[in-house]
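S.K.: Numbering (the working numbering), first residue to last: -15 to 145.
For every residue, glycine included, the Cβ atom is placed at its ideal position computed from N, Cα and C.
On a predicted model such as this, the values are computed, not experimentally measured, just so you know.
This is the structure in structure tokens:
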């Protein structure tokens, strides 16, 4: 198995699920600035806006009003948002801060425990992330001494775990 970023971190990325309105909806249907979302003027600006806990209600209302997310996605977003607002790993309180904190492989154990304790990963994801963590704890050093999974694709000489 190739060294992969801990998949549970993708859960924190999903805190920005509302940014999916740009992906899910036709790009032609999105008119910027989006007044309901703090006048965000681009996909990135809307993603950042919806990643902040204080904007959750506005983003959820927008997504529901425009039928941009499936009910399951809305429920998942609400569950994750509630967890992050109360403080995620390392005290993160936004999608951006949780993503940054959990991207650091040195925090993998804490982030994996948080994801496991809160049911944020399925069995397969837990198994894969645990294998990566076990390898790291056994002394495996990613190529180039990389400690940030976000750079994994750029690391040379990727090894198998």
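I need the straight-line Cα distance from residue 24 to residue 124, nearest angstrom please.
M.R.: Using only the alpha carbons, I get a separation of about 43 Å.
S.K.: With DSSP run on the structure shown, which of helix, strand or coil describes residue 24?
M.R.: The answer is strand: DSSP assigns residue 24 an E or B state.
S.K.: Taking only the alpha-carbon atoms, compute the straight-line gap between residue 49 and residue 58 and give it to the nearest angstrom.
M.R.: Cα to Cα, the separation comes out at about 12 Å.
S.K.: Run through the DSSP bridge pairs and tell me what residue 18 is partnered with.
M.R.: Partner(s): 24.
S.K.: What does DSSP give as the partner residue(s) for residue 83 in the beta ladder?
M.R.: Paired residue(s): none; residue 83 is not in a bridge.
S.K.: With DSSP collapsed to three states, give me the class of residue 13.
M.R.: Reduced to three states, the DSSP call for residue 13 is helix.
S.K.: Assign residue 87 to buried or exposed, taking buried as 16 or more other Cβ atoms, counted over all protein chains shown, within 10 Å of its Cβ.
M.R.: Buried: at least 16 other Cβ atoms inside 10 Å.
S.K.: Can you list, in chain order, the residues of its chain whose CB lies under 8 Å from that of residue 5, leaving out five sequence neighbours each side?
M.R.: Below a pLDDT of 50, predicted positions are generally treated as unreliable, and residue 5, at 44, falls in that range; the measurement from the model is reported next regardless. Once the five neighbours on either side are set aside, the close Cβ partners of residue 5 are 14, 30, 46, 47, 50, 52, 53.
S.K.: Residue ranges of each alpha helix (DSSP H) run of no fewer than 4 residues wholly in the stretch 88 to 133, ordered along the chain?
M.R.: With a minimum length of 4 residues, the continuous alpha helix (DSSP H) runs that stay inside the stretch 88 to 133 are 92 to 101, 107 to 121.
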